[in-house]
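Participant: Residues are numbered in the working numbering as their position in the sequence shown, beginning at 1, plus a constant of 2. For every residue, glycine included, the Cβ atom is placed at its ideal position computed from N, Cα and C. Quick caveat, the model's predicted, so the values are computed rather than measured. Take this structure, written in structure tokens, and hold onto it; I'll ask about it next.
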Amino acid sequence: MTSTAGASASAAEAHRHDVIVVGARCAGAPTAMLLSRLGHRVLLVDRATFPSDTISTHLIHPPGLAALERWGLLDRVVATGCPAIHTYAFDLGPFVIAGSPAGEGFDVSYAPRRTVLDKILVDAAAESGAEVREGFTVEEILFDGGTVTGIKGHGKDGTTATEHARIVVGADGVHSSVARATNAAAYAEKPKINAYYYAYWAGLPMDGTFEAYDREDRAFAAWPTNDDETLVICAWPMRDFEANRGDVEGNYHAVLARAPAFAERVSKATRTGRLVGMAIPNYFRKPYGPGWILVGDAGYLRDPITAQGIQDAFRDAERCTRALDDALAGRRPFDEAMRSCQETRDSEVTSMYEFTADFATLEPPPPEMQELLLAVSRSRSAQDEFARVTAGVTRPEEFFGHMQERMEQQTPDAG
């Protein structure tokens with residue numbers, strides 16, 4: 003819902019904050035924190051109170067860890083006891099590709115529960131000087147003419163509040179109120195590819211390994227998280243969604259049964275909560291306009307099979323903070339700074355966007371790709387590089403181009 007603010011609003015009221023950030027998770031909290039550290043007056047709001055869970059793969063690859071280290075927050079995440087993940091193993095049936103995700107100075111990944119990670123990020127935003135309002139629901143995005151000027155909402159006690167700022171940041175995910183109010187244009191869209199269902203299991207040790215299994219038109223993966231629990235997620239194509247929704251648990255275990263050895267491990271474990279489901283659209287949105295920007299999933303989203311969401315959100319927060327700081331400080335016009343930010347984002351993520359969509363189809367790869375993947379499985383160095391592609395360390399086109407050249411040259415690799 004939108005409302006038009008009166009042009010008579012005082013300048014002091016209109017600029018009570020430099021920036022209001024709507025959404026306090028992996029994109030919004032870092033954006034608020036970084037802007038506040040640069041001296042800007044920031045209000046961060048979220049309808050949740052933290053710690054709070056949310057649907058997520060919660061895997062942070064090395065590029066995301068590098069961001070946490072830059073912000074001085076990595077030690078806090080590691081201190082929660084979340085296990086390190088040193089190996090990514092992809093069981094494709096006839097062969098396995100297993101390698102290290104190492105990159106940007108890190109040899110491992112982590113997958114902290116969102117109850118843990120988001121609380122750390124929100125606390126860091128508050129420590130930076132940002133005003134944080136938890137349990138605050140945004141009802142309206144305020145406009146003066148065609149320019150966003152603020153928000154109106156209420157706290158858990160029902161008390162309403164109207165706040166104004168020079169810029170409103172939508173970091174509120176796929177159903178972003180800011181994107182909806184501003185009619186942010188979507189492009190390069192793809193339909194939902196798979197339905198995903200996951201649960202947490204106790205007594206299912208992973209020994210520092212992320213395991214993924216591809217079995218015809220089904221796939222599943224597992225990796226360790228906090229409290230000695232393991233997340234196990236299964237996927238089937240959206241074409242089977244309606245047929246399977248009547249017995250999600252039965253179909254979940256039917257997917258696991260396609261890898262009998264893993265299913266046997268699960269049979270000895272204990273599920274600690276309910277099954278949670280999701281189906282994710284794929285899109286880019288224009289991430290800015292008069293008085294507003296979008297960060298994280300609000301501006302760009304892809305299928306979760308490569309688990310890029312958290313590190314994408316971190317990178318986007320840094321990228322948008324730099325651009326917005328330039329605009330607020332008067333070093334660059336707002337439109338110029340944000341247009342460059344959008345172009346950089348799209349350039350950096352498009353190849354992974356396309357790779358993820360292809361990877362998620364669960365269709366048998368063409369013969370030439372099967373041959374290439376088999377060659378990867380026979381080379382220690384190539385297995386590591388494949389793992390780094392899925393971790394967002396190496397661009398897909400660089401890896402596959404290099405492998406194709408090697409195969410064409412028929413160069414032996416002692417690995």
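From this set, Ala-359, Ala-223, Asn-185, Arg-135, which residue's C-alpha is nearest Tyr-202's C-alpha?
Facilitator: Cα-wise, what sits closest to Tyr-202 is Ala-223.
Participant: My output table needs one value for Lys-158: the three-state DSSP class, helix, strand or coil.
Facilitator: DSSP places Lys-158 in coil when its eight states are reduced to three.
Participant: Is Ala-13 buried or exposed, if buried means 16 or more other CB atoms sit within 10 Å of its CB?
Facilitator: In this prediction, Ala-13 has a pLDDT of 41, which is less than 50 and means its spatial position is unreliable; what the coordinates show is noted afterwards. So Ala-13 counts as exposed.
Participant: Out of Asp-48, Val-118, Pro-65, Phe-108, which has the shortest C-alpha to C-alpha gap to Glu-320?
Facilitator: It is Pro-65.
Participant: With distances taken from CA atoms, which of Glu-251, Thr-323, Pro-226 is nearest Cys-236?
Facilitator: With distances taken between Cα atoms, Cys-236 lies closest to Glu-251.
Participant: Using a Cβ distance threshold of 8 angstroms, determine whether the stretch 65-84 contacts the stretch 322-336, with at least three qualifying pairs required.
Facilitator: Cβ pair count under 8 angstroms is below three, so no.
Participant: By the 10 Å Cβ neighbour count, where 16 or more other Cβ atoms means buried, how is Gln-411 classified, buried or exposed?
Facilitator: Classification of Gln-411: exposed, given that the 10 Å Cβ count is below 16.
Participant: If Asn-228 sits next to Arg-115, beta carbons under 8 angstroms apart, how far is it from one beta carbon to the other, in whole angstroms?
Facilitator: 5 angstroms between Cβ atoms; contact.
Participant: Can you say whether His-404 is buried or exposed, counting buried as having 16 or more other CB atoms within 10 angstroms of its CB?
Facilitator: Exposed is the call here.
Participant: If you follow the beta strand (DSSP E) that Gly-135 is part of, which residue opens it and which one closes it?
Facilitator: Residue identity check: residue 135 is Arg in the sequence provided, not Gly. Per DSSP, Arg-135 belongs to the beta strand (DSSP E) from 133-136.
Participant: Is there at least one Cβ from chain D nearer than 9 angstroms to Ser-179's Cβ?
Facilitator: Of the protein chains in the structure, only one exists, and it is not chain D.
Participant: Can the beta-carbon of Val-44 be found closer than 9 angstroms to that of Ala-26?
Facilitator: The answer is no: Cβ separation not under 9 angstroms.
Participant: Could you give the DSSP three-state label for Cys-84: helix, strand or coil?
Facilitator: Coil at Cys-84, not helix or strand.
Participant: What does the Cβ neighbour count give for Phe-97, buried or exposed, with the cut at 16 atoms within 10 Å?
Facilitator: Phe-97 is exposed by the Cβ-count criterion.
Participant: How far does the beta strand (DSSP E) with Ala-259 in it extend, from its first residue to its last?
Facilitator: First-last for Ala-259: undefined, no H or E at that position.
Participant: Going by beta carbon distance, what residues of the same chain come within less than 6 angstroms of Ala-362, once the five residues before and after it are set aside?
Facilitator: Excluding positions up to five away in sequence, the list reads Ile-195, Asn-196, Asp-305, Ile-307.
Participant: Just to confirm the assignment, what range does the alpha helix (DSSP H) spanning Lys-121 have?
Facilitator: Per DSSP, Lys-121 belongs to the alpha helix (DSSP H) from 116-129.
Participant: When we look at the beta-carbon of Val-21 and count the other beta-carbons within 10 Å, is it buried (16 or more) or exposed?
Facilitator: So Val-21 ends up on the buried side.
Participant: Distance, Cα to Cα, Val-257 vs Val-391?
Facilitator: Between Val-257 and Val-391, the C-alpha separation is close to 25 angstroms.
Participant: If you check the beta carbons only, do Glu-191 and Asn-284 fall under 9 angstroms apart?
Facilitator: Yes. Within cutoff.
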